[in-house]
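Novice: With the numbering used here, the residue at position 225 of the sequence shown is 1572, and numbering never jumps.
For each residue, glycine too, the CB sits at the ideal point set by N, CA and C.
If you're wondering where the values come from, they're calculated on a predicted model, not measured in any experiment.
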Amino acid sequence: MIPYGMSDFRRIKLENYYYVDKTHFIPKIEQQPPFLYLIRPRRFGKSLFLNMLAFYYDVYYNDEFNDVLGDCYIGKNPTKEANSYYIMKFDFSAVSTVGDVNQSFSTYCNIRLEHFIEKYCFDIKIDMTKPAHQNLNYIFSKLKLKNTPIYVMIDEYDNFINNILMHDEKDYEKLVSSKDQAIYKEFFKLLKAGTTDNGSSLKKMFITGVSPLAMFDVTSGSNIGTNITNERIFNDAVGVTKEELNTLLTHYNLNGKFKSYNSKLSIDDWYDSYKFHKNIKETIYNTDMILYYVKSLLLTDEPPQNLVDINIRTDYSKLKYLVYTHRKLNGNFNTLQKLLGDDEVTTLQIKDSFSAFEMKKEDNFISLLYYLGLITIDKFYKGEYYFKIPNQTIRIIMAEYIQQALKEEEIFKIDLNAFQKTVQRFAYHNSLDIFKFLSNEIEKNSKVRDYIEGENFIKGFLIAYLSLSPFYAVLTEVERNKGFVDILLRKAPNIEDDIAEGVIELKYIPRSKFTQKLLNQKIADAKEQLEQYKVQPNEMGVIVVFNGWEMVHCERYEV
């Protein structure tokens, strides 16, 4: 059985769900300092990884060790620390953000502390009416006297606090500010103190999250532990490698079926291409994305009808916060457009710690997009990181952000159903209405013209809307015959009909430089490039020329 959406390690193993063995990372973790935290995008398998660690180190599960871990790497190669800690585990995604958040956080943590006491039958009583950090301090003090080794594990440490940040910056500030004595901040202050106290019962700690923002703010920029996020040896601690995918397909005898559908459109285009270190050559898949796809092959003998799993979509409001300043779209929005247009942004470094109050700075914004999984490392060249959108799934999500932002700001509103019909006519009838439709809508929505300047922004605009179509993957700068296709519309693997694919060559002329002679030259250049690409019988070559925001030429290229 495919453990899609599951993170209960013990249940996965005891009930014979398929498990991608990540236990070989345990010895590597033990070679690190004792207090660690790992940042990865949503749905990458962080919770399952943490639950695997919790089971392995928990004294409580000593009798089940062989039953659960016997066929895993670590079961055959256990370390001295196996089953030797008392696990104090939290999952902050369970903290409610409705009402008094301080109280919600304290109540949740106290419940977990009570569970910890009952699980190990400690003769300790806590006062549930007291703030959680006070009870935590009391437990640490009591168990220190008995030299009881505690391993604290916190999953999604920033989940609820990020939700607050994206909706109300002032509420977030209260929770991370010293002057307000917020329990969330006091909780982490106590953990930090526990990492330095002589003879502390807190021996180890492992924290996961999706960004370093809250960690920076609650610790005032002083790390609570070692950040292993960008360490090369932990690149694939979560996620699925190509070797692991092949093993999974072989296990379920799906290799032939996978290759059959994969010949239509490489699944790598949809779910692959993540890298978390500049020197890694082989990219990895998002765990949720690949299990979602394989589950459909196994249960229905075909790919999922919607190739974008709804669980992957990050709440639009989380990105919305980052692209608005004083209710107006800011430079971060332009960065998203640029990404869709030329598929690349650069920065000199990946920030491993920065404040949420400095998110409007472009280099911080780029680093956050990287941590959220919306961009990934493409290459490191001459001291600079080059980032790209990792795959078609994320491109669609990014396109939805842009479309929604333009709509909400009343900058560009179109009838998406009518637009989808034009894409359908392109696919089935070789119609070019799709480009004429967008051109007419740009002319009607005058506000959008301020955001359309330069070839990359025109390209990003077109890609944003073309990506909303269910018929195609929209690929950019695809190498073909020593050239690079501007926009390639490739049939999605869940489309069974024979539809036209698109090879689109886009040209741009600034408003002030338009002449008929220059237009003719641009058209001739586009035809020459399409000839170089060797447009195939199942493809339709298209030449589109924009003069500023106005489309001045659109034709089908005839071989």
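In whole angstroms, what separates the C-alpha of G1830 from that of I1713?
Specialist: Looking at the two C-alpha atoms, the distance is approximately 28 Å.
Novice: In angstroms, rounded to a whole number, what distance separates the CA positions of N1885 and P1374?
Specialist: The straight-line gap from Cα to Cα measures roughly 52 Å.
Novice: By a C-beta neighbour count over all protein chains shown, 10 Å radius and 16 as the cutoff for buried, is C1468 buried or exposed?
Specialist: Counting Cβ neighbours within 10 Å, C1468 comes out exposed, since fewer than 16 surround it.
Novice: Please list the terminal residues of the continuous alpha helix (DSSP H) segment that includes R1742.
Specialist: Segment 1739 to 1755, the alpha helix (DSSP H) holding R1742.
Novice: With 16 other CB atoms within 10 Å as the buried threshold, where does L1638 fall?
Specialist: So L1638 counts as buried.
Novice: Which of helix, strand or coil does DSSP assign to K1360?
Specialist: Here K1360 sits in helix by DSSP.
Novice: To the nearest angstrom, how far is the alpha carbon of S1610 from that of G1603?
Specialist: Its pLDDT being 48, under 50, S1610 is placed unreliably by the model, and nothing is read from it.
Novice: Rounded to a whole number of angstroms, what is the C-alpha to C-alpha distance between D1515 and Y1718?
Specialist: Distance between the alpha carbons of D1515 and Y1718: 21 Å.
Novice: Looking at the structure shown, is N1894 part of a helix, part of a strand, or coil, going by DSSP?
Specialist: Of the three classes helix, strand and coil, the one that applies to N1894 here is strand, per DSSP.
Novice: Out of I1508, Y1485, L1809, L1460, point me to the one whose CA is closest to F1439's CA.
Specialist: That would be I1508, whose Cα lies nearest to the Cα of F1439.
Novice: If V1821 and I1834 are in contact, beta carbons under 8 Å, what's the gap, nearest whole angstrom?
Specialist: Contact holds; Cβ gap of about 7 Å.
Novice: Looking at Y1812: is its Cβ nearer than 8 Å to the Cβ of L1779?
Specialist: Against a cut-off of 8 Å, the Cβ pair of L1779 and Y1812 comes out as no contact.
Novice: For the alpha helix (DSSP H) holding T1723, just list the boundary residues, first then last.
Specialist: That residue, T1723, is in no alpha helix (DSSP H); its beta strand (DSSP E) goes 1723 to 1728.
Novice: So what's D1616 in DSSP terms, helix, strand or just coil?
Specialist: Of the three classes helix, strand and coil, the one that applies to D1616 here is helix, per DSSP.
Novice: Output the boundary residues of the beta strand (DSSP E) element that contains Y1384.
Specialist: Its beta strand (DSSP E) spans residues 1382 to 1386.
Novice: Using only the alpha-carbon positions, how far apart do E1520 and Y1531 sit?
Specialist: Computed Cα separation, rounded: 11 Å.
Novice: Output the boundary residues of the beta strand (DSSP E) element that contains D1438.
Specialist: Unbroken beta strand (DSSP E) run through D1438: 1433 to 1438.
Novice: Return the first residue and the last residue of the alpha helix (DSSP H) that F1734 is part of.
Specialist: First-last for F1734: 1731 to 1735, but that is the beta strand (DSSP E), not the alpha helix (DSSP H).
Novice: How long is the line joining the alpha carbons of Q1739 and E1533, rounded to whole angstroms?
Specialist: Q1739 and E1533: Cα-Cα distance of roughly 42 Å.
Novice: Bridge partners of G1830, per DSSP?
Specialist: For G1830, which the question treats as bridged, DSSP gives the partners R1827.
Novice: Classify Q1684: buried if its beta carbon has 16 or more other beta carbons within 10 angstroms, exposed otherwise.
Specialist: Its Cβ being crowded by 16 or more others within 10 Å, Q1684 is buried.
Novice: Given a cut-off of 8 Å, decide if L1492 and V1415 are closer than it, judged by their beta-carbon atoms.
Specialist: No.
Novice: Rank Y1407, N1413, G1849 by C-alpha distance to the C-alpha of S1431 and give the top, closest one.
Specialist: The shortest Cα separation from S1431 among Y1407, N1413, G1849 belongs to Y1407.
Novice: Could you tell me how far apart the beta carbons of F1452 and V1442 are, in whole angstroms, since I believe they sit closer than 8 Å?
Specialist: Yes, F1452 and V1442 are in contact; Cβ-Cβ is about 5 Å, under 8 Å.
Novice: Answer with buried or exposed for Y1904, where buried requires no fewer than 16 other C-beta atoms within 10 angstroms of its C-beta.
Specialist: That one is buried.
Novice: Would you check if the distance between the CB atom of T1693 and the CB atom of E1629 is smaller than 8 Å?
Specialist: No, these two residues do not count as a Cβ contact at 8 Å.
Novice: Rounded to whole angstroms, what's the CA-CA distance from V1367 to I1501? Just pull it up for me.
Specialist: Going from the Cα of V1367 to the Cα of I1501 covers about 22 Å.
Novice: Starting from I1851, trace the beta strand (DSSP E) both ways and give me its first and last residue.
Specialist: It spans 1848 to 1856 - the beta strand (DSSP E) in which I1851 sits, taken as one unbroken run.
Novice: Which residues share a DSSP beta bridge with G1888?
Specialist: DSSP output for G1888 lists V1850, Y1904 as bridge partner(s).
Novice: Any beta carbon from chain D within less than 8 Å of Y1632's own beta carbon?
Specialist: The structure shown contains no chain D; it is built from a single protein chain.
Novice: If you draw a straight line from the C-alpha of N1363 to the C-alpha of L1687, how long is it?
Specialist: Using only the alpha carbons, I get a separation of about 42 Å.
Novice: Taking DSSP as the reference, what is the three-state secondary structure of L1683?
Specialist: L1683: helix per DSSP, three-state reduction.
Novice: Is DSSP giving D1710 helix, strand or coil here?
Specialist: It is helical.
Novice: With burial defined as no fewer than 16 other Cβ atoms inside 10 Å of the residue's Cβ, what is the status of P1350: buried or exposed?
Specialist: The residue in question, P1350, is buried, as its Cβ has 16 or more Cβ neighbours within 10 Å.
Novice: Got a sec? Which residues, its chain only, sit under 8 Å from Y1485 by beta carbon, not counting five neighbours each side?
Specialist: So the qualifying residues of the chain are I1471, I1473.
Novice: State the start and end residues of the unbroken alpha helix (DSSP H) segment that holds F1463.
Specialist: Segment 1448 to 1466, the alpha helix (DSSP H) holding F1463.
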